[in-house]
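At the far end of the sequence shown sits residue 262, using our numbering, and the numbering has no gaps. Where a beta carbon is used, it is the ideal one built from N, C-alpha and C, also for glycine. Note that the structure is a prediction, hence the values are computed from the model and not measured. Here is the structure we will look at.
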Amino acid sequence: MLRVGRIPYINTYPVYGAVDRGIVSLDATLVNGVPSALNAQMAAGALDVSVVSAVEYAAHADRYLLLPDLAITCDGPVRSVMLFSKRPVAELDGATVLVSRSSMTSVQLLSLLFSERWGVTPRLVAADAESADIANFAREPHDARLVIGDAALLLSSGTNAAARAYPHQVDLGLAWKEWTGLPFVFAVWVAQRSTPVEDALRVHARLIASRDWGIAHLPSLAAQAALATGVARFTCEAYLSGLDYRLSLPHLRGLTEFYRRLDTTGRLQAQPLVFLSAA
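Here it is, written out as structure tokens:
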């Protein structure tokens, strides 16, 4: 039985919702983990198929095959990848910015925006930034912090007192859109090149079927998300509706442009995109 990675954030509910409800059978063992943990497990060969950070694919493209038409993307605000700052971005030169240990792509995007878009050079320091950590945010000395996933949605929705400490909030999906005019791809699904193609294709087909069911049932998933996070149901529905789970041509343009800019600035060597195929 294949081992399939899943991020436990609510942004993956539309992909796994039908699987969780038994509407679509996956015939695989689901393994939960934050993005950085799934990246590490895929790199170690401990998972056969998984959602991974877009940067993880670029870093190890020789080991992975992209699953077609399946990703976590936005074309404007993403709402769950946020820079929360105590002062304007232009004033963060030399400042301490805490970045989530759970993310790779978001940290690279933020670093790129700081240097190439905003022209400041803060000190980036890895920190914990999950929902359970929000209560401890005030205890850590910092000027701004990058928060992703459910924790970012909770903070940006204003339902937590910690949000008042950050009068300046920057949505990284929107910042990318304003900078490039392109969608942004935060995560992709990949298979190990060593995974039997027929098995990987079967998992891919089931995930696509579950994704299609999820997109058609966002109100139900939003209700589930509200119970899981404490964020208002209408906010959860607006959030899930604002994400796109396809990997279409515009998304691929955004992904390759991100890789190009990382390559140009020496952050990551760009690799060709290679997709899982029956041929």
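Looking at the DSSP output, residue 252 sits in no beta bridge, so it has no partner there. The Cβ atoms of residue 174 and residue 41 lie no closer than 8 Å to each other. In the DSSP assignment, residue -14 falls within the unbroken beta strand (DSSP E) covering -15 to -11. The count of Cβ pairs closer than 8 Å, one atom from the stretch 156 to 168 and one from the stretch 231 to 241, reaches three, so the stretches are in contact. A Cβ-Cβ distance of about 5 Å is found for the pair residue 189 and residue 9, placing them in contact under the 8 Å criterion. Closest in alpha carbon position to residue 18, among 72, 258, 88, is 88. Between the beta-carbon of residue 103 and that of residue 32 there is about 39 Å, and that puts the pair past the 8 Å contact cut. Taken in chain order, the unbroken stretches of alpha helix (DSSP H) that lie wholly in the stretch 125 to 193 and span 4 residues or more are 132 to 139, 155 to 163.
Within the same chain, Cβ atoms closer than 7 Å to the Cβ of residue 220 are found at 201, 202, 205, the five residues on either side in sequence being excluded.
Per DSSP, reduced to three states, the secondary structure at residue 25 is helical. Taking the CA atoms as reference points, residue 231 sits about 43 Å from residue 122. When 81, 150, 107 are compared, the shortest CA-CA separation from residue 119 is found for 81. Residue pairing by DSSP puts residue 81 in a beta bridge opposite 108, 128. Note that the stretch 143 to 153 touches the stretch 60 to 76; at least 3 beta-carbon pairs, one per stretch, sit closer than 8 Å. Where residue 258 is concerned, there is no enclosing beta strand (DSSP E), because DSSP gives it neither an H nor an E. The C-alpha of residue 4 lies about 12 Å from the C-alpha of residue -3.
For residue 56, the beta-bridge partners assigned by DSSP are 168, 227. C-alpha of residue 256 to C-alpha of residue 73: approximately 35 Å in a straight line. In the displayed model, residue 214 falls within coil according to three-state DSSP, outside both helix and strand. If the five residues before and after residue 132 are omitted, its C-beta is found closer than 6 Å to the C-beta atoms of -8, 63, all from its own chain and listed in chain order. Put simply, the backbone Cα of residue 243 is about 15 Å away from that of residue 39.
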